[in-house]
Amino acid sequence: MRFSDGARAPAATQPCTLRDHPDWHRGRARYWLWSIPVDCPAVLQRLQAARTCLGDWLHAPGARQAHITLFVCGFASPQPVHNDDIAPAMLEAQCHALAALRQPAFELHIGDLDSFTSAAFLAVQEHGHLDRLRDTLAGLAPEVRQAPYAPHLTVGLYRRAVARATWQQHTRALRDCPPLTLPVRELQLLSYAASEPQGALRIEARVALA
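Under the UniProt record's numbering, think of the first position of the sequence shown as 1, with each following residue one higher.
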């Protein structure tokens with residue numbers, strides 16, 4: 001749920017503890033995902049404005065680059081055992097499938113500041129392109145997901161509990177913004193060190209759009 005959901009919205013933000021979670025990664029080194037890079041200056045400026053607005057309510061963003069998650073793959077494992085493992089051959093097959101799709105370049109629109117319980121984000125509006133790409137990926141391997149997919153650009157994770165009413169009053173200036181255009185010309189397969197919650201993303205493969 002998100003703060004913009006009206007009567008169903010959370011009552012307050014929920015602080016996150018940034019630490020290693022060995023019970024999650026079980027010694028597996030890197031977590032993999034497909035994403036859309038965010039390198040548009042206007043979008044990055046709005047992202048920074050949102051971080052400035054929320055200030056010390058958020059953890060520092062760390063080394064993680066701005067991106068929009070497209071599809072969560074899981075831990076790359078030569079011999080998958082757990083339900084969040086994926087074989088490297090399957091990641092390669094996803095690369096080939098996306099290339100064969102010949103998806104034309106398209107645009108996303110980055111909108112207002114909103115919030116999930118544990119993370120603030122900028123809303124992402126799209127017109128079916130992401131569904132087509134996600135269906136192609138899901139046709140080869142199931143996604144690792146605990147909640148319905150909602151495209152968004154993460155602003156940051158909360159380090160403090162803040163009442164929804166306080167949050168809404170404080171962020172009013174960023175909740176009625178004209179949408180910004182984000183050109184999408186490539187998809188990136190990324191990984192990050194599972195023991196570093198805010199660690200840098202490493203580009204493992206790129207798929208250029210037609």
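Just so it is clear, CB atoms sit at the ideal spot from N, CA and C, and this is done for glycine as well.
None of the values given here were measured: they were computed from a predicted structure.
To the nearest angstrom, how far is the alpha carbon of V144 from that of S35?
Counting from 1 along the sequence shown, the entry for residue 144 is found at position 144. Counting from 1 along the sequence shown, the entry for residue 35 is found at position 35. Approximately 14 Å, taken between the alpha carbons.
So D114 and A123 are supposed to be a Cβ contact under 8 Å. How far apart are they, rounded?
Translated into the one-based positions of the sequence shown, residue 114 becomes position 114. Translated into the one-based positions of the sequence shown, residue 123 becomes position 123. Between A123 and D114 the Cβ distance is about 5 Å, and since that is below 8 Å, they are a contact.
Run of the alpha helix (DSSP H) containing D23, from where it starts to where it stops:
The sequence position of residue 23 within the sequence shown is 23, counting from 1. First-last of the alpha helix (DSSP H) with D23: 22 to 25.
Taking Q198 and T117 to be in contact with their CB atoms under 8 Å, please state how far apart those CB atoms are, rounded to whole angstroms.
For this step, residue 198 is matched to residue 198 along the sequence shown. For this step, residue 117 is matched to residue 117 along the sequence shown. In fact, because the Cβ distance is near 18 Å, the residues do not count as touching under 8 Å.
So, are the CB atoms of A119 and L157 less than 8 Å apart?
Translated into the one-based positions of the sequence shown, residue 119 becomes position 119. Translated into the one-based positions of the sequence shown, residue 157 becomes position 157. Yes.
For L133, does the count of other Cβ atoms within 10 angstroms reach 16, so buried, or fall short, so exposed?
If you number the sequence shown from 1, residue 133 lands on position 133. Answer is buried; the Cβ neighbour count reaches 16.
Among L180, I86, L58, A208, nearest to residue 211 - alpha-carbon criterion
Summary: the structure shown does not reach residue 211, with the chain confined to residues 1 through 210, and so no result is reported for it.
Do A76 and W32 have their CB atoms nearer than 8 Å?
To locate residue 76, count along the sequence shown from 1; it is residue 76. To locate residue 32, count along the sequence shown from 1; it is residue 32. Yes; because the gap between Cβ atoms is below 8 Å, this pair is in contact.
With a threshold of 8 Å, are at least 3 pairs of Cβ atoms found where one atom belongs to the stretch 42 to 52 and the other to the stretch 81 to 101?
Flag = no, the stretch 42 to 52 and the stretch 81 to 101 do not touch.
Based on the DSSP output, what are the partners of S118 in its beta bridges?
Reading the sequence shown from its first residue, position 118 is the one you call residue 118. Under DSSP, S118 forms no beta bridge with any residue.
Which of the three DSSP states is assigned to C53 in this structure?
Along the sequence shown, read from residue 1 onward, the residue named residue 53 stands at position 53. The answer is helix: DSSP assigns C53 an H, G or I state.
Hey, could you find the ends of the beta strand (DSSP E) C73 is sitting in?
Position 73 of the sequence shown, counted from the start, is the residue given in the question as residue 73. C73: member of the beta strand (DSSP E) spanning 67 to 76, first to last residue.
Less than 8 Å separating the beta-carbons of V38 and L140?
Here residue 38 refers to the residue found at position 38 of the sequence shown. Here residue 140 refers to the residue found at position 140 of the sequence shown. Contact: no.
For D112 versus D176, is the C-beta spacing smaller than 8 Å?
In the sequence shown, residue 112 corresponds to position 112, counting from 1. In the sequence shown, residue 176 corresponds to position 176, counting from 1. Cβ distance < 8 Å, so D112 and D176 count as in contact.
Using DSSP bridges, identify the partner residues of A123.
As a position in the sequence shown, residue 123 is number 123, starting the count at 1. According to the DSSP secondary-structure assignment, A123 is paired through a beta bridge with H152.
Assuming the contact rule is C-beta atoms closer than 8 Å, V184 and L137 should be a hit. Round their C-beta distance to whole Å, please.
For this step, residue 184 is matched to residue 184 along the sequence shown. For this step, residue 137 is matched to residue 137 along the sequence shown. Between V184 and L137 a beta carbon distance of about 15 Å is seen, past the 8 Å cut, so the two are scored as non-contacting.
Would you kindly check if the distance between the Cβ of P151 and the Cβ of E186 is under 8 Å?
Locating residue 186 in the sequence shown gives position 186, where the first residue counts as 1. Locating residue 151 in the sequence shown gives position 151, where the first residue counts as 1. Taking 8 Å as the cut-off, the beta carbon of E186 is found no closer than this to the beta carbon of P151.
Check whether the Cβ atoms of R164 and A12 sit closer than 8 Å, and answer yes or no.
Along the sequence shown, read from residue 1 onward, the residue named residue 164 stands at position 164. Along the sequence shown, read from residue 1 onward, the residue named residue 12 stands at position 12. Their beta carbons are under 8 Å apart, which means R164 touches A12 by this criterion.
What three-state label does DSSP hand D39 in the structure shown?
Position 39 of the sequence shown holds residue 39. In this structure, D39 counts as coil in the three-state DSSP scheme.
For S191, which residues does DSSP report across the bridge?
If you number the sequence shown from 1, residue 191 lands on position 191. For S191, which the question treats as bridged, DSSP gives the partners W32, R202.
State buried or exposed for L189, treating a residue as buried only when at least 16 other CB atoms are found within 10 Å of its CB.
To locate residue 189, count along the sequence shown from 1; it is residue 189. Label assigned to L189: buried.
Just how far apart, CA to CA, sit P179 and A7?
What you label residue 179 is simply residue 179 of the sequence shown in a count that begins at 1. What you label residue 7 is simply residue 7 of the sequence shown in a count that begins at 1. Each residue's alpha carbon lies about 25 Å from the other.
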